[in-house]
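Here the structure is laid out as structure tokens; the discussion comes afterwards.
There are 2 protein chains.
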Amino acid sequence: MSTLAQGKADLERASTAQKVADMLRERVLDGELEPGLRLSEEAIGGALGVSRNTLREAFRLLTRDRILVHEHSRGVFVRRPNGDDVRDLYAARRVIEGGALRRWNDVSEKQREAVRTPVRQAVARAEKNDFSRTGAANIQFHRGIVGLAGSVRLSDESDRLFAELMLAFRVAHEVEAFHQTYLPWNRKIVELLNDGTVEQAVQQLDEYFDAAEQDLVSRLTAD
Amino acid sequence: MSTLAQGKADLERASTAQKVADMLRERVLDGELEPGLRLSEEAIGGALGVSRNTLREAFRLLTRDRILVHEHSRGVFVRRPNGDDVRDLYAARRVIEGGALRRWNDVSEKQREAVRTPVRQAVARAEKNDFSRTGAANIQFHRGIVGLAGSVRLSDESDRLFAELMLAFRVAHEVEAFHQTYLPWNRKIVELLNDGTVEQAVQQLDEYFDAAEQDLVSRLTAD
DNA sequence: TATCGTAGAATCGTTCAACAATCCAACGAT
DNA sequence: ATCGTTGGATTGTTGAACGATTCTACGATA
């Protein structure tokens with residue numbers, strides 16, 4: 001039955017606006033479209049061969065995902081987070097991930113493995129100097145933490161927060177180096193969880209957030 | 001200067017789609033447009049005197065706010081939460097509000113007052129049998145709790161979750177009675193916070209969520 | 001020189017009309 | 001009673017058009 005559910009999801013993926021939005025999202029997160037850039041309706045619509053109305057619909061989907069921002073009568077821009085945005089993002093993450101982590105003892109083993117596995121992957125990839133994928137594994141680690149909450153709404157919202165944070169990394173020119181710096185923290189958090197000392201793991205996570213926020217904010221306000 | 005910022009917000013309030021979305025949101029939350037109802041583009045667009053494209057844009061804004069759901073090639077519907085949705089919503093609230101409440105000792109006095117005041121108001125209004133406004137005060141209480149996190153993104157997302165929950169109340173025919181039932185809980189939580197026993201307050205909040213979720217789910221799956 | 005205002009270009013906001021694609025309900029065949 | 005089929009209704013998408021807003025560059029004034 002799971003294959004049927006999968007197929008249904010693929011079928012529903014129709015919609016030109018959805019496909020355009022997916023393409024643009026990829027371009028933005030890859031860095032081809034830099035934060036702060038204005039996306040002209042005419043230029044992009046012409047390049048992609050879709051009408052303005054459809055393109056505007058794709059824009060709306062991406063503003064919902066925090067990828068773009070819409071300014072009335074001025075157009076849409078690739079989101080360009082500043083220091084205040086980063087502080088806000090980490091304030092949200094502290095509450096969400098801290099709250100989720102405290103559910104460690106109440107969740108399924110599968111959910112716990114979704115936290116442990118990405119750290120193992122990140123370590124393995126870092127040893128091979130495969131840093132681009134180390135970052136992806138780091139994100140998976142945090143997605144696993146949010147997953148402990150058991151709410152798809154919360155996981156979806158966190159994905160949007162992560163996307164915004166990725167843009168902040170890009171503005172700070174920290175796309176690759178950032179994640180590996182904090183890899184030891186993640187490893188320590190998993191150790192503490194495995195020891196059953198959940199509160200200590202939460203505290204460690206908070207320290208990670210403090211350090212990461214301070215680092216990122218200083219690099220953003222330096223510009 | 002605050003008046004200037006206010007004026008700017010008013011000026012930016014333009015956009016036909018935005019006004020249409022505001023009107024529709026009100027109609028939905030008031031109950032005029034029932035959960036599950038399909039909103040015809042032609043009918044509503046004609047009634048409101050706006051073009052289909054503009055109306056579709058308003059629809060997208062409301063799907064972002066969890067008021068409407070969009071089904072491809074079928075149209076948009078007033079969201080109609082089911083039991084699984086409610087469980088997901090409370091899973092999210094447990095983590096968000098629990099995590100926010102634990103920040104009690106780290107936040108400003110103003111933030112703490114934003115939690116205490118709504119409970120006082122709710123008590124006063126309940127004594128006057130003003131139940132419709134009791135519910136509003138109850139929501140303010142929980143908004144105050146989320147506000148302890150100090151993240152506008154998290155507060156905004158919580159507002160969307162609350163809106164969805166309001167729809168669930170409506171489906172369960174519990175719009176008015178629900179909030180006052182749990183007023184004693186809120187009062188107890190504030191007492192525990194004032195006593196400085198934050199962890200006990202969190203535990204009390206969790207019990208509130210357990211009871212509220214169970215109540216609401218049973219009424220939803222009964223249909 | 002610097003500030004201000006203005007004209008014109010560029011772009012967005014919104015509408016309208018049209019057609020293809022999809023969904024739905026009624027009908028009839030097996 | 002279940003399963004195709006056929007129209008009719010609704011959404012998806014396009015293209016063009018025009019008013020409204022923003023931006024840019026130029027020139028006037030102090």
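Protein chains in written order, with UniProt numbering: chain A, 1 to 223; chain B, 1 to 223.
Built from N, CA and C at the ideal position, the CB exists for glycine as well.
Buried or exposed (CB count within 10 angstroms, at least 16 for buried), residue i
i	result
S155 of chain A	buried
S158 of chain A	buried
S151 of chain A	buried
Q204 of chain B	buried
P81 of chain A	buried
P184 of chain B	exposed
N186 of chain B	buried
G45 of chain A	buried
M166 of chain A	buried
G99 of chain A	buried
D106 of chain A	exposed
H36 of chain A	The displayed chain sequence assigns Gly, not His, to residue 36 of chain A. That one is exposed.
D85 of chain A	buried
A91 of chain B	buried
R38 of chain B	exposed
A172 of chain B	buried
R74 of chain B	exposed
Residue i (DSSP reduced to helix, strand or coil)
i	result
H142 of chain B	helix
V76 of chain A	strand
R94 of chain A	helix
L37 of chain A	coil
N82 of chain A	coil
Y182 of chain B	coil
D210 of chain B	helix
E191 of chain B	helix
S51 of chain B	coil
T197 of chain B	coil
V175 of chain B	coil
A114 of chain A	helix
A149 of chain B	coil
Q121 of chain A	helix
S2 of chain A	Because S2 of chain A sits at a pLDDT of 47, beneath the cut-off of 50, its placement in the model cannot be relied upon, and the following sentence gives the value as read from the coordinates. If DSSP states are grouped into helix, strand and coil, S2 of chain A belongs with the helices.
Element boundaries [beta strand (DSSP E), containing residue i]
i	result
L68 of chain B	68-71
Whole-Å CB distance - residue i paired with residue j, under 8 Å assumed
i	j	result
A14 of chain A	H72 of chain B	6 Å
A163 of chain B	I67 of chain B	6 Å
A17 of chain B	L62 of chain B	About 10 Å; that fails the 8 Å criterion.
F169 of chain B	R93 of chain B	F169 of chain B to R93 of chain B, Cβ: 14 Å. No contact.
V69 of chain B	R79 of chain B	5 Å
G135 of chain B	A114 of chain B	At roughly 18 Å, the Cβ-Cβ gap does not stay under 8 Å, so G135 of chain B and A114 of chain B are not in contact.
Q111 of chain A	A137 of chain A	17 Å between Cβ atoms; not a contact.
L55 of chain A	E41 of chain A	6 Å
V119 of chain A	V190 of chain A	5 Å
R102 of chain B	D65 of chain B	Rounded, the Cβ-Cβ distance is 28 Å, inconsistent with contact.
R87 of chain B	E213 of chain B	7 Å
Span of the alpha helix (DSSP H), counted from its first residue to its last, around residue i
i	result
D65 of chain B	Taken as a continuous stretch (DSSP letters only), D65 of chain B belongs to no alpha helix (DSSP H), as it is neither H nor E.
N129 of chain B	Careful: N129 of chain B lies outside any alpha helix (DSSP H) and carries neither H nor E.
D106 of chain B	Run containing D106 of chain B: none; DSSP gives neither H nor E here.
L161 of chain A	152-171
T16 of chain B	16-30
When you check each C-beta in the region 79-98 of chain A against every C-beta of chain B, which residues fall closer than 8 Å? D88, L89, A91, A92, R94, V95, I96, G98
In the region 167-191 of chain B, which residues sit with their C-beta less than 9 Å from some C-beta in chain A, listed in chain order? none
Got a sec: which bits of the region 148-160 of chain A sit with their beta carbon under 8 Å from any beta carbon on chain B, in order along the chain? A149, G150, S151, V152, R153, L154, E157
Residues of the region 48-62 of chain A with Cβ closer than 9 Å to any Cβ of chain B, in chain order: N53, R56, E57, R60, L61
What residues in the region 66-77 of chain B have a beta carbon less than 9 Å from any beta carbon of chain A? R66, E71, H72, S73
When you check each C-beta in the region 190-218 of chain B against every C-beta of chain A, which residues fall closer than 8 Å? none
Along the region 13-29 of chain B, where does the CB come closer than 7 Å to a CB of chain A? Name the residues. A14, S15
Relative to chain A, which residues along the region 96-122 of chain B have a C-beta separation below 9 Å, given in chain order? I96, E97, G98, G99, A100, R102, R103
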